[in-house]
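Chains as they are written, first to last, in the numbering used here: chain A, 44 to 453; chain B, 378 to 581; chain C, 590 to 929; chain D, 98 to 335. We put the CB at the ideal spot given by N, CA and C, even for glycine.
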Amino acid sequence: MSLEISQGTPVEISEERALTDSRRQMVLNMGPQHPSTHGVLRVILTMEGETIVGCDPVLGYLHRGVEKLGETHRYSQFVPWTDRTDYVAAPSNNLGYILAVERLCGIEAPERATYWRMIMGELARLASHLVWLGTHALDIGALSMSLYCFRERELILDIFETFCGARLTTNMMEMGGFSRPIPDNLPGMVRDFCNIFPEKQVEYESLLSANPIWLSRTRGVGVIEPDAAISMSLTGACLRGSGINYDVRKATPYLYYDRMDFEVPLGTRGDVYDRYLVRMEEMRQSISIIEQCLDQMPTDGPLSLTESPYVIPPHDSVMKTAEDMQRHFIWVIKGFSPPKGEVYQAIEHSKGELGYYVVSDGTPIPYRVRLRTPDFVNLQSLPYMAQGAALADVVALIGTIDIVLGSVDR
Amino acid sequence: MAEEQQTGGPADSPGRRIWATGHWGPTEPEEHPAVIAVRERFPDSFVDAVNFRDEMTIRVDRPALREIVLFLRDESSLRYNFLSDLTAVDMLRLRDNPRFDVVVQLYSIPRRQRLRVKAAFNDGDPVPSMTLLYEGANWLEREAYDMFGIVFEGHPDLRRMLLPDDWDEGHPLRKDYPLRGYREYVQPGFENPAPRVRSRFRRP
Amino acid sequence: MDANLLSSYIFAVVVLNVLLGLMAYMTYLERKLMAAMQDRVGPNRTGPVGLLQPIADGIKLLVKEDIIPKHADRRIFLLAPLLSFVLAPVAAAVIPFGDSITVFGHEVNLYVADINVAALYFLAIGSMGVYGIILGGYASANRYSLLGGLRSAAQVISYEIILGLSLVGVFILSGSLSLVEIVNQQSETLHLGPLQLPNWFILSQPLAFVIFLIAAVAETNRAPFDLPEAETELIGGFHTEYSGFRFSFFFLAEYISMIVISLFGATIFLGGTDGPIRDGVWWLALKAFIFLFFYIWLRTTVPRFRYDQLMGLAWKVLLPLVLINILLTGFIRLWGLGML
Amino acid sequence: MAAEVLVFNLLSGIAIVSAAAMIMMRNPVHSAIALVITFVNVAAVFIMLRAEFLAVVQIIVYTGAILVLILFVLMLVNPDELPDFHGARPMQQIFGFGLGIILLAEIAVAILTRTVVAEPGPWTEDGMAAVGGNVQAIGQVLYSGYVLPIQATALVLLAATIGALFLGRPDEDEEPTPSRRTVATISLAHTRGSDQDEIPALSSANIKHEAGDRDLIMARDADEFTSTPEDDQKGQQE
């Protein structure tokens with residue numbers, strides 16, 4: 044069987060050409076301290092004039108060894124670490140890890156908790172997309188967008204704060220559901236946000252979608268062909284912008300996404316503008332999903348499993364029964380031991396497929412925690428897209444991949 | 378590890394589980410088309426197939442890994458054309474030999490099914506690189522090389538990914554690598570350098 | 590010494606100081622206006638409603654450490670901001686701020702100099718202004734600065750041509766290069782049937798005015814043409830390596846050239862000091878403010894051009910348009926079509 | 098009067114010194130700056146001669162455009178890679194020196210044997226005032242008596258521009274620089290491999306019209322648009 048090289052290989056420059064060109068080429072070190080690399084990404088660019096002929100991203104300036112830390116913390120202790128990988132959409136990270144561990148343990152949260160998890164996940168997606176839109180537009184030079192987007196993001200962070208007390212690193216989910224009660228005003232807050240947001244989104248689009256400069260900066264820039272997108276393992280808007288229907292929520296539904304009525308937007312040209320359109324449409328779909336969740340959700344019912352050895356006993360019963368107090372003590376001091384095995388749980392993060400691969404050896408500490416973060420994989424397309432682009436396009440490309448360095452470097 | 382795996386934990390809630398929705402194909406290895414096809418096509422290299430929590434794992438021999446993944450990608454009834462993840466696990470504490478597992482998470486976009494392919498190998502054995510099949514394997518393999526010291530044969534650009542290029546303290550995700558590294562390093566504000574601590578949390 | 594010359598000198602000093610003061614409050618105005626457009630408050634801590642903010646900024650910039658990079662071309666590095674700063678207000682010398690007034694029995698003209706090539710003089714000084722940027726970019730020994738300098742060189746030459754050619758229509762109609770003469774011609778009233786319109790050149794040269802507006806934004810390196818100093822691409826472009834008061838020189842120069850080119854545009858196209866009631870310098874200030882507001886508005890609204898798009902706009906769109914405009918104006922002048 | 102002479106001497110002195118400095122400087126950018134100083138001083142001398150138009154044009158064209166372009170090129174040159182300017186062979190040095198002397202002598206002869214000295218031409222101050230100023234005077238002269246040379250110059254400059262474009266063109270045998278990818282419709286919802294701009298989407302697709310000519314395809318079913326039509330056919334055949 045022959046090994047065929049997959050299609051969509053980026054344009055390679057022969058070695059002789061590289062040698063003759065070396066005199067007129069300039070190496071520009073972009074980052075790690077650069078305003079538009081979204082953190083501490085470093086890109087070594089080889090340029091001819093303002094045209095990029097070589098691009099080598101250098102990662103690791105924010106590497107904290109999260110996977111190694113996962114191997115030294117108990118299952119529940121690792122949840123706060125997931126907040127700190129992709130810190131603009133912390134609930135999504137919590138969700139992915141919690142689902143992986145619940146799957147490992149073979150438990151499932153009650154219906155009401157699952158709906159709230161979906162709402163929080165979608166709000167996290169909206170918050171992340173708003174940060175993306177603001178910074179992406181800022182990179183391309185539209186100053187005001189970032190302030191408008193952060194204004195609406197405040198509302199989402201307020202909801203997070205009402206829900207769990209934290210705004211950025213939420214640590215809001217636990218095995219088997221939520222241990223905290225849902226505040227009474229929370230559904231109203233979420234509804235208000237769903238009513239306010241669509242108007243605001245029209246505002247953003249009126250600033251960008253028909254702006255000739257925005258169009259000329261994004262159309263035809265950073266085209267990824269669908270074959271290349273699949274081959275490079277892109278996920279999220281980078282893949283869907285190229286017209287491939289792979290949304291984890293739709294393709295392999297988790298939580299109750301199979302009960303939701305929503306559509307997956309797909310681009311037609313695979314350029315920066317298409318990815319912009321796809322993300323804008325995703326925000327609308329997210330609002331629709333949140334509204335459906337609020338409608339379908341049972342108003343009463345448990346928020347957490349009560350009898351499972353994997354779940355922390357609820358606060359009330361710990362105070363009332365000796366049995367639960369003992370269980371609580373053991374859960375806190377010793378942790379819980381899932382059965383031996385391994386699971387891979389993928390969820391649709393705002394940036395793409397977020398996968399947690401957890402291996403258990405039957406002890407309270409995971410044997411291996413692997414984070415398949417979407418932006419790390421998506422960032423591989425930067426050298427592909429940057430070939431032949433201009434220097435100014437590179438910031439647009441970094442913006443369109445939508446990276447958070449905490450998640451890329453882990 | 379396969380023999381030790383339990384088939385599931387205690388059931389806490391009745392009815393369909395939200396994670397058991399058939400994204401991994403049939404739960405019985407004998408019925409799974411990928412398992413059947415791989416066993417037929419590569420009888421010598423197929424080791425076994427394990428199902429845990431509905432997730433199908435095919436264990437294969439290391440040298441045939443690339444051929445098998447290529448077969449899974451291009452066979453028109455399977456078409457696992459998307460590489461979800463590629464990583465490794467250091468099995469130092471779980472078994473004696475071989476030391477590492479390389480784990481390839483595949484996904485078929487047309488068929489909407491996942492599959493996990495694993496191959497075991499010892500320290501120093503070259504693992505066939507997936508970059509010829511999936512360009513996305515490039516950085517994932519670089520990361521696995523960085524973290525575990527696995528040499529991927531046929532990788533075009535096997536450099537360190539997350540750690541500095543001149544990192545000379547080994548590969549940190551190996552189980553024998555101490556949590557805070559081998560070196561003692563100066564802590565600002567403390568008289569003594571930070572001690573070499575393995576872990577605050579001892580394994581039971 | 591000649592009394593006339595002396596009064597010119599005194600007036601020059603007055604203009605310079607007013608410009609510097611205006612420039613300081615221009616930054617305040619920009620920050621407040623941008624804040625209003627972006628749904629936030631803006632500076633409000635220093636003094637009442639933040640009015641002392643420019644002074645605090647100035648003090649901060651002056652006492653900051655002056656860093657000279659190790660590999661910089663030291664002499665040029667020190668020269669460049671001075672060059673920028675000195676040349677920016679010099680162009681204001683030819684702007685007429687009104688008719689003559691009488692001070693202590695002397696008649697003082699409200700302009701520093703009325704030379705017969707005033708408009709060209711303005712362009713010449715503008716074209717010299719780019720040296721500060723280019724040399725600053727070169728001397729910093731930083732590739733971002735170098736790229737900023739290169740972009741600036743290409744951009745300013747291209748838009749200098751557009752700017753100059755957009756004025757040619759006005760020169761053809763007025764038959765003069767002197768700004769005083771141009772203002773005098775615009776102060777006449779135009780009678781179009783029942784309508785009474787001012788004879789401003791914006792009415793007879795609307796296309797030239799639009800092109801002038803675009804080229805003026807590009808000439809002063811402001812958004813969306815701020816490529817030489819694009820923060821998100823080139824960090825700071827030519828002034829990446831500058832700090833403290835040398836940076837503030839570049840900063841001052843940019844804002845002064847904004848004000849000066851606004852005054853110039855108001856003079857050429859909007860009738861200068863001419864107004865519906867009581868001609869005077871306040872009308873000029875109002876018109877210049879409209880320009881400045883437009884600058885700030887642009888900056889908050891639109892994204893930045895890419896380098897090739899910027900050059901394409903200049904050479905493929907604006908240049909043909911402005912040449913057509915000159916041609917049409919020439920015909921009108923020759924055969925007196927329409928209102929002229 | 099004395100003040101005027103003093104200023105003139107100062108300006109021309111600076112012009113000469115900086116012209117010399119322009120030759121002597123090792124760093125080409127420094128040379129260019131010296132040349133700028135020369136040009137500005139010469140322009141000032143023009144103003145003293147009541148040729149304001151000439152002075153301003155000198156600054157716009159020479160300092161504002163030509164020298165900026167020269168600087169543009171010089172900035173890209175690494176000073177270490179430049180040839181040694183003062184390292185010519187002895188014969189070359191002697192020859193160059195001789196040539197310089199001859200050129201200087203020519204200028205001296207021309208100045209010393211001038212015949213029209215002190216004879217005012219038609220453009221005295223009164224003559225100038227009669228036509229409205231020196232801008233008008235230059236305009237009238239250029240576009241009446243010298244119209245043919247002006248047109249000829251324009252033609253030569255045009256030819257030079259075209260020549261420069263031709264010379265600056267990249268070599269054809271060279272590998273082309275990787276250029277921006279063309280935008281073609283590439284979605285899995287469309288037929289593949291076409292580079293036309295407008296391709297109708299598959300009839301099953303749920304289309305949402307976005308700004309301008311862009312559409313978004315809204316996938317409701319998870320199995321839509323996950324493989325190309327050709328692949329599907331292949332799968333069905335087997």
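### Query
Leaving out five residues before and five after isoleucine 183 of chain A in sequence, what residues of the same chain have Cβ atoms less than 6 Å from its Cβ?
Arg260 and Ala439
### Task
Name, in chain order, the residues that DSSP records as bridge partners for methionine 73 of chain A.
A/Val86
### Task
Between the Cα of proline 813 of chain C and those of C/Leu841, C/Leu899 and C/Thr856, spot the shortest distance and give me the residue it belongs to.
C/Leu899
### Query
Between the C-alpha atoms of glycine 74 of chain A and threonine 80 of chain A, what's the straight-line distance to the nearest angstrom?
7 Å
### Query
Checking contacts by CB at 9 Å: is glutamate 520 of chain B closer than that to chain A?
yes
#### Entry: Endpoints, the alpha helix (DSSP H) within which histidine 358 of chain A is located
358–363
### Message
Quick check: the Cα distance between phenylalanine 477 of chain B and asparagine 288 of chain A, rounded to an integer number of angstroms?
### Response
35 Å
### Message
Quick check: leucine 24 of chain A and alanine 185 of chain A, are their CB atoms within less than 9 Å of each other?
### Response
There is simply no residue 24 of chain A to check, as chain A begins at 44 and stops at 453 in what is shown.
### Task
My understanding is that isoleucine 87 of chain A touches valine 70 of chain A, with C-beta atoms under 8 Å, so please give their C-beta distance in whole angstroms.
7 Å
### Inter-residue spacing [alpha-carbon to alpha-carbon] between alanine 209 of chain A and methionine 303 of chain A
28 Å
#### Entry: the stretch 209–223 of chain A touching the stretch 349–360 of chain A, judged by at least three CB pairs closer than 8 Å
yes
### Query
Between the beta-carbon of alanine 877 of chain C and the beta-carbon of alanine 855 of chain C, is there less than 9 Å?
yes
### Message
Once the 5 residues before and after isoleucine 283 of chain D are set aside, which same chain residues still bring their CB inside 7 Å of it?
### Response
Confidence in isoleucine 283 of chain D is poor, its pLDDT being 41 and thus under 50, which makes the residue's placement unreliable; the coordinate value appears in the next sentence. Excluding residues within five positions, none has a Cβ falling inside 7 Å.
### Query
The beta strand (DSSP E) spanning asparagine 428 of chain B covers which residue range?
423–429
### Task
Starting from isoleucine 665 of chain C, find everything on chain D with Cβ-Cβ shorter than 8 Å and list it in chain order.
Val126, His127 and Ile130
### Task
Report the partner residues of phenylalanine 477 of chain B according to the DSSP bridge assignment.
B/Asp467 and B/Phe498
#### Entry: C-beta contact flag for proline 505 of chain B and leucine 556 of chain B at 9 Å
no
### Task
Alpha carbon to alpha carbon, how far is phenylalanine 136 of chain D from phenylalanine 143 of chain D? Give it in angstroms, no decimals.
10 Å
#### Entry: Residue-level contact to chain C via CB, glycine 184 of chain A, 9 Å cutoff
yes
### Message
Which complete alpha helix (DSSP H) runs does the stretch 314–347 of chain A hold, if anything under 4 residues is left out?
### Response
315–339
### Query
Taking Cβ positions only, does glycine 384 of chain A come closer than 9 Å to chain B?
yes
### Message
I'd like to check one pair, valine 321 of chain A with leucine 309 of chain A: are the Cβ atoms closer than 9 Å?
### Response
yes
### Query
Considering histidine 172 of chain A, what are the terminal residues of the alpha helix (DSSP H) in which it resides?
154–183
### Heavy atom of the ligand ZN within 8 Å of isoleucine 413 of chain B beta-carbon
Inclusion of the ligand ZN in the displayed structure is not the case, the ligand content being empty and no account of it being possible.
### Message
I need the DSSP call for aspartate 897 of chain C, collapsed to helix, strand or coil.
### Response
helix
### Query
Taking 9 Å as the CB-CB limit, is isoleucine 111 of chain D close to chain C?
no
### Message
What would DSSP say about glycine 265 of chain A, mapped onto helix, strand or coil?
### Response
coil
### Query
Helix or strand or just coil, what does DSSP make of glutamate 396 of chain A?
strand
### Message
One question on the structure: do proline 118 of chain A and proline 417 of chain A come within less than 9 Å of each other, judged by their Cβ atoms?
### Response
Note on residue identity: the sequence assigns tyrosine, not proline, to residue 118 of chain A. Not in contact: tyrosine 118 of chain A and proline 417 of chain A (Cβ atoms no closer than 9 Å).
### Task
List the residues of chain C whose Cβ lies closer than 7 Å to the Cβ of proline 246 of chain A, in chain order.
A small correction: the amino acid at residue 246 of chain A is glutamate; proline does not occupy that position in the sequence shown. Within chain C, no residue comes near glutamate 246 of chain A; the closest Cβ sits about 11 Å away, beyond 7 Å.
### Query
Based on Cα-Cα distance, which residue from A/Thr349, A/Val315, A/Leu422 and A/Asp301 lies nearest to glycine 399 of chain B?
A/Asp301
### Query
Looking at chain D, which residues of the stretch 481–512 of chain B have a Cβ within less than 7 Å of any of its Cβ atoms?
Ile486, Pro487 and Arg489
### Message
So phenylalanine 711 of chain C and phenylalanine 839 of chain C are supposed to be a Cβ contact under 8 Å. How far apart are they, rounded?
### Response
Their Cβ separation, rounded to whole angstroms, is 21 Å, which puts phenylalanine 711 of chain C and phenylalanine 839 of chain C out of contact at 8 Å.
### Query
According to DSSP, is phenylalanine 801 of chain C helix, strand or coil?
helix
### Message
Going by C-alpha to C-alpha distance, which of C/Gly610, C/Ala624, C/Glu619 and C/Met626 sits closest to isoleucine 644 of chain C?
### Response
C/Gly610
### Task
Could you pull out every residue in the same chain whose Cβ sits closer than 8 Å to the Cβ of glycine 279 of chain A, ignoring the five residues on either side in sequence?
Glu391, His392, Ser393, Lys394, Gly395, Glu396, Pro417, Asn421 and Asp445
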